[in-house]
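Here's the structure we're looking at; comments come further down.
Chains as they are written, first to last, in my numbering: chain L, 2 to 240; chain H, 2 to 243.
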């Protein structure tokens with residue numbers, strides 16, 4: 002019977018750079034491992050292909066956690082896309098990836114040929130990645146798994162800005178990110194975070210939008226305590 | 002002119018024959034680029050910016066749709082040299098070095114993971130003091146790693162020469178202009194593979210091997226430094242976030 006316990010790796014939770022040998026498969030007989038982003042198999046070794054921190058999730062999934070400005074599409078990721086072109090059957094959407102994504106005109110709640118949405122070029126859309134292969138363009142959908150619109154669709158008004166993929170993950174992390182928690186206690190605003198490194202903010206007043214946007218942008222290089230103190234000083238100036 | 006002092010064994014700039022110039026690397030220097038780096042080898046200073054992987058802009062350029070298209074543009078700033086000689090954008094030297102950098106980087110980039118996309122590498126020499134193509138390759142490596150583009154290994158480059166019957170590591174402009182042999186090597190350290198080998202002038206085979214080995218040792222030292230820069234950058238980001 003196969004032993005499926007995670008293989009020992011001295012580099013787990015340590016930083017790696019491209020070319021670093023992470024695991025030696027010759028020493029790991031009858032063990033099943035899964036490779037995530039930033040790793041590849043080369044003969045009997047597993048090597049890092051990008052710089053970052055090596056992570057391991059039970060039972061035995063390895064990946065390199067890093068932060069970039071570009072996004073590599075992955076199924077079930079929620080993304081913020083900008084419509085760059087319209088075709089009869091689908092919209093071409095820029096999601097900051099290697100290729101433009103397709104958003105079928107029927108990938109909306111109750112979507113039929115009669116009620117095709119009219120999106121102009123430049124429209125901001127919150128969508129879900131449903132297909133992601135390197136050999137074909139990613140495919141998006143504005144429905145959840147049950148076919149409901151949920152929070153997906155066109156985002157009107159507000160302000161959209163680009164961040165790194167690392168900051169996006171931090172904003173979507175659980176428990177709630179300190180910056181959003183601190184801002185949410187004092188200000189009312191709407192926020193949509195895409196895992197592709199785009200953030201959309203909307204609030205009743207433009208000053209609130211500016212405060213929230215600037216706070217989020219600056220939070221990338223701050224610890225939790227630093228984020229809270231920054232929000233306090235920003236709100237003091239605002240009042 | 003004496004390029005190596007026969008008594009002390011020191012070079013024109015006070016270095017020993019097998020001593021490199023001081024290295025300095027910094028990533029994330031261009032805010033708008035997907036990845037960027039500033040790399041200094043002594044008085045040679047180079048900035049590199051990487052954009053991509055992104056949608057191919059000119060479909061006609063892509064020969065093989067199964068791999069990413071890598072484009073490279075090398076330029077020397079008008080103020081990079083002492084005599085301020087203006088060079089046209091597409092001069093032959095720049096075109097050749099652009100091709101050299103592209104081929105060297107393609108050996109390292111896992112292009113098959115990003116089919117039907119393109120990666121643009123822009124390299125600008127801000128200050129030239131010999132060994133610009135080696136510095137450009139090192140800067141491009143740092144910028145690619147900063148952009149998160151998957152690579153087989155860190156590719157580094159270093160030059161070595163042979164003057165006054167002495168193999169010299171990492172030539173500066175004065176030594177480079179002396180007319181002696183100049184060997185530039187691109188090297189994948191962990192894989193132990195040479196991806197670039199260029200030589201000006203002629204060298205006997207046994208001497209060439211000595212000079213090439215010296216250049217490879219230089220590449221290994223640069224690889225260790227680049228590795229430290231990347232690790233330090235990752236640590237710094239995490240420390241800031243607590």
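Each residue gets a CB set at the ideal place from its N, CA and C atoms; glycine is no exception.
Residue 128 of chain H, DSSP secondary structure in three states: strand
Residue 56 of chain H: contacting residues in chain L (beta-carbon distance under 7 Å): Neighbours of residue 56 of chain H on chain L, chain order: 100, 101.
Residue environment, residue 98 of chain H, which counts as buried when at least 16 other CB atoms sit within 10 Å: Classification for residue 98 of chain H: buried.
CB contact flag (residue 211 of chain L, residue 200 of chain L, <8 Å): no
Proximity test, Cβ basis, 8 Å: residue 226 of chain H and chain L: no
Per-residue DSSP class, three states only, for residue 42 of chain H: strand
Spatial neighbours of residue 6 of chain L in its chain, beta-carbon cut-off 6 Å, leaving aside the 5 residues before and after: Low per-residue confidence applies at residue 6 of chain L: pLDDT is 42, beneath 50, and the placement is therefore not dependable enough to give any value.
Cutoff 8 Å: residue 37 of chain L Cβ touching any chain H Cβ: no
Residue 160 of chain H in three-state terms, based on DSSP: strand
Rounded straight-line distance, which links the Cα of residue 57 of chain H to that of residue 132 of chain L: 20 Å
Span separating the alpha-carbon of residue 80 of chain L from that of residue 134 of chain L: 16 Å
Outcome for residue 49 of chain H when other beta-carbon atoms lying within 10 angstroms are tallied against a minimum of 16: buried
Contacting positions in the stretch 198 to 216 of chain L - beta carbon closer than 9 Å to chain H: Within the stretch 198 to 216 of chain L, no residue has a Cβ that lies closer than 9 Å to any Cβ of chain H.
Cross-chain neighbours of residue 51 of chain L in chain H, by beta carbon under 8 Å: Near residue 51 of chain L (Cβ distances below 8 Å), the residues of chain H are 146, 149, 150, 151, 152.
Under 8 Å from the C-beta of residue 115 of chain H: neighbouring residues of chain L: Those within 8 Å of residue 115 of chain H in chain L are 99, 135.
Contact residues within the stretch 177 to 209 of chain H, judged by C-beta distance below 8 Å to chain L: 189, 190, 191, 192
Residues near residue 160 of chain H in its chain [Cβ-Cβ closer than 7 Å; skip 5 each side]: 132, 135, 171, 172, 183, 184, 185, 216
is_contact[residue 132 of chain L, chain H] using C-beta, thresh 8 Å: no
8 Å contact criterion, which residue 61 of chain H and residue 144 of chain H should meet: CB distance rounded: Not really, about 26 Å apart at Cβ, beyond 8 Å.
Same chain only: Cβ atoms within 7 Å of residue 37 of chain L, ignoring 5 sequence neighbours per side: 62, 63, 64
Chain H residues whose Cβ lies nearer than 8 Å to that of residue 20 of chain L: 152, 153, 154, 155, 189, 190, 191, 192
Distance between beta carbons of residue 51 of chain H and residue 154 of chain H, contact taken as under 8 Å: Contact doesn't hold; Cβ gap of about 17 Å is too wide.
7 Å Cβ shell around residue 232 of chain H - same chain, five flanking residues per side excluded: none
Beta-carbon proximity check, residue 169 of chain H vs residue 12 of chain H, cutoff 8 Å: yes
Rounded separation between residue 22 of chain L and residue 51 of chain L - CA only: 12 Å
Among L:129, L:110, L:85, nearest to residue 123 of chain L - alpha-carbon criterion: L:85
Backbone CA spacing between residue 95 of chain H and residue 19 of chain L [nearest angstrom]: 28 Å
Distance between beta carbons of residue 117 of chain H and residue 100 of chain L, contact taken as under 8 Å: The Cβ separation is near 6 Å, so the contact holds.
Chain-ordered neighbours of residue 1 of chain H on chain L, where CB pairs are closer than 7 Å: Residue 1 of chain H lies beyond the stretch modelled for chain H, which goes from 2 to 243, so this question has no answer here.
Interface partners of residue 35 of chain H on chain L, CB under 8 Å: Within chain L, the residues near residue 35 of chain H are 69, 70, 71.
Terminal residues of the alpha helix (DSSP H) in which residue 138 of chain H lies: Where residue 138 of chain H is concerned, the enclosing alpha helix (DSSP H) stretches over 133 to 148.
Proximity of residue 140 of chain L and residue 103 of chain L at Cβ, strictly below 8 Å: yes
8 Å Cβ cutoff met for residue 13 of chain L and residue 57 of chain L: yes
Listed by chain order, chain H residues near residue 170 of chain L by CB distance under 7 Å: Chain order gives no chain H residues near residue 170 of chain L, where near means a beta carbon separation below 7 Å; the closest approach is about 11 Å.
Whole-angstrom distance between residue 163 of chain L and residue 185 of chain L, CA atom to CA atom: 21 Å
C-alpha distance - residue 188 of chain L paired with residue 209 of chain L, whole-angstrom precision: Spanning the alpha carbons of residue 188 of chain L and residue 209 of chain L requires a straight line of approximately 7 Å.
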